[in-house]
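Trainee: Residue numbers for the sequence shown follow this note's numbering, so the first one is 1 and each next one is one higher. Just so it is clear, CB atoms sit at the ideal spot from N, CA and C, and this is done for glycine as well. What you are looking at is a predicted structure, and each value in this text was computed from that prediction instead of being measured.
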Amino acid sequence: MRCYLEITLIPNADINRHFLWSKTFQQIHLGLVEMQDDQKRVPIGLSFPEYKMGEKFGVLGSKLRLFAPDEAALTRFDVARRLSRMSDYVHCTGIRPVPDAVKGYAVYQREQPKTSKERLARRYAKRHNMDYEAALNSKVELSVKLEAGMKYEKTLMSYSEMPHQTIPTPFIRLKSLSSSNTFCLWIKKSEVENSNDGTFTTYGLSATATVPEF
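#1: Less than 8 Å between the C-beta atoms of Gln109 and Leu205, yes or no?
#2: Would Met150 be called buried (16 or more neighbouring beta carbons within 10 Å of its own) or exposed?
#3: Out of Arg81, Val59, Ser179, which one is the CA nearest neighbour of Pro170?
#4: Using DSSP's beta-bridge definition, name the partner residues of His91.
#5: Beta carbon of Arg41, beta carbon of Phe183: below 8 Å?
#6: On the three-pair Cβ rule with 8 Å, is the stretch 89-105 touching the stretch 130-142?
#7: Since Tyr108 is in the beta strand (DSSP E), which residue starts that stretch and which ends it?
#8: In whole angstroms, what separates the C-alpha of Leu177 from that of Thr24?
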């Protein structure tokens with residue numbers, strides 16, 4: 001990765017950071033979908049330079065970097081045009097070279113927690129060829145932890161009734177391009193010693209390809 005640009009979110013009293021992440025990332029994702037090849041791979045990878053994980057939860061911060069192997073890829077992406085309607089709420093830098101000296105490298109990948117009731121309902125709907133809302137409210141046999149300290153027990157309830165289980169990984173709430181359903185894109189960061197070239201998904205994430213940290 002030789003070039004990058006940086007986007008900074010500018011929340012205000014009327015619009016919070018979570019809403020800005022949703023709107024900004026949705027446009028970034030749409031742009032990456034347009035750039036994908038036949039294998040749904042894109043040359044642009046993302047990083048979150050203010051990403052932090054605490055004991056109970058993580059945060060993405062307010063910055064997003066787009067990396068590419070050359071300036072042409074970022075020029076073709078044209079981030080200013082894609083975020084033009086949000087010009088009062090985001091600041092985009094020009095394309096810059098990646099510094100020669102970096103702190104290290106990181107992998108940003110999608111995490112799909114098995115405990116998400118929304119994800120479980122979507123899978124149930126797909127398996128039974130039914131509407132998502134119907135699946136979310138259908139009575140099924142689930143293994144849940146009814147009280148603190150108890151073992152998991154099977155009980156009959158809907159996914160919507162499942163007890164809330166905290167997932168510490170930070171996420172961005174997005175709308176599916178295919179179904180228009182809202183879902184959470186959990187983003188996991190792993191620091192690594194060496195760089196590893198590769199391509200990225202239409203979310204700008206990868207399980208193996210690295211982006212530089214500086």
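Mentor: Inspection of the coordinates gives the following:
#1: yes
#2: With a pLDDT of only 48 at Met150, under 50, the local geometry of the prediction cannot be trusted, and the value read off the model is given with reservation. Exposed, because fewer than 16 other Cβ atoms sit within 10 Å of the Cβ of Met150.
#3: Val59
#4: Thr8
#5: no
#6: no
#7: 104-111
#8: 15 Å
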